[in-house]
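The block underneath contains the structure these notes are about, expressed in structure tokens.
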Amino acid sequence: MTGFGGFVLRRAVGALVTLLVLSVIIYVVFYVTPGNVAQITCGPRCSPAQVQQVAEQLHLNDPLFERYWHFLQGLVAGQDYSTGTAVQHCSAPCLGLSYQSDQQVTALILAKLPVTASLALGAMVLWLIIGVGTGVLSVWRRGRPTERLLTTLTLAGMSTPVFVIGLVLMIVVCGQLELLPFPQYVAFTEDPEQWAWNLLLPWLSLALIESATYARLTRAAMLETLAEDHVRTFRAYGVGERAIIRRHALRGAVAPLIAVNANNIGVLFGGAVLTETLFGLPGIGREMVEAVKVVDLPVVVGMVLVTGFFVVLANAVADVLYAVADRRVVLT
Numbered sequence: 001m002t003g004f005g006g007f008v009l010r011r012a013v014g015a016l017v018t019l020l021v022l023s024v025i026i027y028v029v030f031y032v033t034p035g036n037v038a039q040i041t042c043g044p045r046c047s048p049a050q051v052q053q054v055a056e057q058l059h060l061n062d063p064l065f066e067r068y069w070h071f072l073q074g075l076v077a078g079q080d081y082s083t084g085t086a087v088q089h090c091s092a093p094c095l096g097l098s099y100q101s102d103q104q105v106t107a108l109i110l111a112k113l114p115v116t117a118s119l120a121l122g123a124m125v126l127w128l129i130i131g132v133g134t135g136v137l138s139v140w141r142r143g144r145p146t147e148r149l150l151t152t153l154t155l156a157g158m159s160t161p162v163f164v165i166g167l168v169l170m171i172v173v174c175g176q177l178e179l180l181p182f183p184q185y186v187a188f189t190e191d192p193e194q195w196a197w198n199l200l201l202p203w204l205s206l207a208l209i210e211s212a213t214y215a216r217l218t219r220a221a222m223l224e225t226l227a228e229d230h231v232r233t234f235r236a237y238g239v240g241e242r243a244i245i246r247r248h249a250l251r252g253a254v255a256p257l258i259a260v261n262a263n264n265i266g267v268l269f270g271g272a273v274l275t276e277t278l279f280g281l282p283g284i285g286r287e288m289v290e291a292v293k294v295v296d297l298p299v300v301v302g303m304v305l306v307t308g309f310f311v312v313l314a315n316a317v318a319d320v321l322y323a324v325a326d327r328r329v330v331l332t
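Here the sequence shown is numbered in full-length UniProt numbering, starting from 1 and rising by one per residue.
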């Protein structure tokens, strides 16, 4: 198959292969490690019988390939787990059971996912607005003090850790000025206004840092477009600078922005760990920190795998959108 349909099919197959390889790497890193994995997973207070039960549930006594096959089978078809007094069925996609709560990891992640998704999507919207707007303004005011000021601010933003921005905003905005409440997550379905109001500060913490990258990228892409021959031709025919920037220079920055935005999905989840912990948001990042503290291995593995899934998915979608923005990509 050729053309755009073939391009989409190739990207979909590539994404599936990447996910399969990713699952192998994650399984080997977490479950094929030195020491007694069953003892580590179960905890120091477990009896030998409980450790043996964990080893059987994780198929740790089987050959490596069979162990991974059981893991993969659970993802595709689900599997049964013994909780000591009963057998619990874990439906597909099964990521195992939490050894702290006997709760299905998939259900636990789905319960936390709306918080992290709210944080990620809101921050993404803000950093696109701030970043692209700043980049366009710096091009519009190039060669003037405004451009130098914006360049300095973007460099400062790129070099500042997210937790520093978050702490400063929380102390100043919430503590001293009392402009915003200290964040307490409210579900969108309960109260959309309070949902946005309480997430505004975490959104800004992530957006102020990432917007610096988008400002520099937008500026560089637009300046490159403005230096092309066809733009000089437009100027020679009397087309105004504002129209050139809006219709041609900004359009030339769209494709690079799509690619970078997809790559930043991983940054979002990494930033979510710090941001959710700092602001006390009950999302995937904070839950992963708690799971690491108590060595709840199935929860950690499940959350790493889900994070990887969203990164791969975002990059696959970005490739398709990039091809829509620039059809020359389909031919490569």
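The beta-carbon is built from N, C-alpha and C at its ideal position, and this holds for glycine as well.
Could you give the distance in angstroms between the alpha-carbon of L217 and the alpha-carbon of E224? 11 Å
Alpha carbon to alpha carbon, how far is G122 from F188? 12 Å
Burial state of W69, where buried means 16 or more other Cβ atoms lie within 10 Å: exposed
State the beta-bridge partners of L97 as determined by DSSP. Q104
Looking at C-beta atoms only, is the number of pairs between the stretch 272-291 and the stretch 107-124 that lie closer than 8 Å three or more? yes
Beta carbon of L199, beta carbon of M222: below 8 Å? no
Helix, strand or coil for H59? Go by DSSP, reduced to three states. coil
Mind reading off the beta-carbon distance from V162 to L206? Whole number of angstroms is fine, and I expect it under 8 Å. 6 Å
By a C-beta neighbour count over all protein chains shown, 10 Å radius and 16 as the cutoff for buried, is I165 buried or exposed? buried
Q88 lies in the alpha helix (DSSP H); which residues open and close that run? Where Q88 is concerned, there is no enclosing alpha helix (DSSP H), although the beta strand (DSSP E) it sits in stretches over V87 to C90.
Closest residue to A38 among S23, A55 and R141 (Cα-Cα distance): A55
Distance check for M288 and D102, CA to CA, integer angstroms please. 16 Å
Can you name the residues that DSSP bridges to D80? H89
Could you tell me if G240 is buried or exposed, where buried requires 16 or more neighbouring beta carbons within 10 angstroms of its beta carbon? exposed
Is it true that the stretch 86-105 meets the stretch 129-136, where meeting means three or more beta-carbon pairs spaced less than 8 Å apart? no
State the Cα-Cα distance for the pair L153 and I209, rounded to the nearest angstrom. 10 Å
Give the secondary structure of Q184 by DSSP, where H, G and I count as helix, E and B as strand, and everything else as coil. coil
The alpha helix (DSSP H) that contains Y322, what's its start and end? L297 to A325
For S23, three-class secondary structure by DSSP: helix
How long is the line joining the alpha carbons of T106 and Q73, rounded to whole angstroms? 15 Å
Could you tell me which of V273, V306, L137 and F279 sits nearest to E290, measuring between CA atoms? V273
For R67, does the three-state DSSP call read helix, strand or coil? helix
Using 7 Å as the cut-off, classify the Cβ of L64 as near or not near the heavy atoms of the ligand HEM, replying yes or no. Inclusion of the ligand HEM in the displayed structure is not the case, the ligand content being empty and no account of it being possible.
Where the alpha helix (DSSP H) containing A253 begins and where it ends: Unbroken run through A253: none, as it is neither H nor E.
Verify whether the separation of the beta carbon atoms of V260 and T213 is less than 8 Å. yes
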